[in-house]
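S.K.: Following this message is one structure expressed as structure tokens.
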Amino acid sequence: MPYHPLTDTDTALADGRADASSTTVLVSRRETFNAAHQLRDPTLSDAENERLFGKCTNLHGHNYVLEVVVTGEVDPVTGYVFDLKQLSAVIWRRIIEDVDHRNLNTDVPWLEGLIPTAENLALAFWERIRSELPDGSLRSLRLWETDKNWAEVGDRV
Ligand SMILES: [Zn+2]
């Protein structure tokens, strides 16, 4: 019988690893910024805002942490799924340069009309960077508002 080398897939299956074609590699970049906001719907009365948002109706600040996860094939030349310095540059150019040390209610044109909850910010940030990244590569975006609270937007898998 002629010599027949195992393929990578045969080897992976034979030694109990997952089928290589179903394996996903994720990489992530974390950035931080500081911003002020208030949770307030300008169309509602002060009393109604107070009822909905409590003390968050007052202007206050957060040290936000933004984590962006991308996926793709590992490039055989670089060994990267995505150059994280490039991902950082996209996050800075499309989001952080506009929001850092700003009032999110009044200073950022592309947030106009939004109540700047972590959920709404995460959705807006997702839209700001998705078009800048290769199709289908953006997997999730998580915005930490405090050590205890985050909101995440993800692509349905
Ligand atoms: Zn807040």
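Every letter in the sequence shown is one number past the one before it in this note's numbering, and letter 138, counting from 1, is 138. Using N, Cα and C, we set each Cβ at its ideal position, and we do this for glycine too. The model shown is predicted, which means the values in this text are computed figures rather than measured ones.
#1: For GLU132, which residues from the same chain have a beta carbon less than 7 Å from its beta carbon, with the 5 sequence-adjacent residues on both sides left out?
#2: Measure the Cβ-Cβ separation of GLY54 and ALA36 and say whether it is below 8 Å.
#3: Find out if the Cβ-Cβ distance for the pair CYS56, LEU84 is shorter than 8 Å.
#4: Reducing DSSP to helix, strand and coil, say where ARG139 ends up.
#5: Take ASN58 as the anchor and find which of PHE33, LEU104, VAL153 and LYS148 has the nearest alpha-carbon.
#6: Which one or two residues does DSSP pair with TRP92 in a beta bridge?
#7: By Cβ distance below 8 Å, which residues in the same chain neighbour ILE96 in space, the five residues on each side in sequence not counted?
#8: Counting only beta-carbon separations shorter than 8 Å, does GLU73 have a partner in chain D?
#9: Could you tell me the boundaries of the beta strand (DSSP E) in which ASN34 lies?
#10: Just reading off the alpha helix (DSSP H) that TRP126 is part of, what are its end residues?
#11: Is HIS101 near ligand 1, with its Cβ less than 7 Å from a heavy atom?
#12: Could you tell me the alpha carbon to alpha carbon distance between GLY113 and LEU44, rounded to whole angstroms?
#13: What is the DSSP secondary structure of THR71, reduced to helix, strand or coil?
#14: Thinking C-alpha only, which one of ASN63, ALA47, LEU52 and ASP75 is nearest LEU26?
#15: Using the three-state DSSP reduction, which class does GLU161 fall into: helix, strand or coil?
M.R.: Here's the rundown:
#1: Once the five neighbours on either side are set aside, the close Cβ partners of GLU132 are VAL90 and ARG94.
#2: Cβ distance not < 8 Å, so GLY54 and ALA36 don't count as in contact.
#3: Against a cut-off of 8 Å, the Cβ pair of LEU84 and CYS56 comes out as no contact.
#4: In the three-state reduction of the DSSP assignment, ARG139 falls in the strand class, which pools E and B.
#5: That would be LEU104, whose Cα lies nearest to the Cα of ASN58.
#6: Beta-bridge pairing links TRP92 to no other residue.
#7: Excluding sequence neighbours, ILE96 sits near GLU31, PHE33 and LEU66.
#8: Included in the structure is just one protein chain, with no chain D present.
#9: Unbroken beta strand (DSSP E) run through ASN34: 26–37.
#10: Note, TRP126: alpha helix (DSSP H), 118–130.
#11: HIS101 has its CB no nearer than 7 Å to any heavy atom of ligand 1.
#12: Approximately 13 Å between the Cα atoms of the pair.
#13: Looking at THR71 - three-state DSSP - the assignment turns out to be strand.
#14: Looking only at ASN63, ALA47, LEU52 and ASP75, the smallest Cα-Cα distance to LEU26 is reached by ASP75.
#15: Not covered by the structure: residue 161. The range shown for the chain is 1 to 157.
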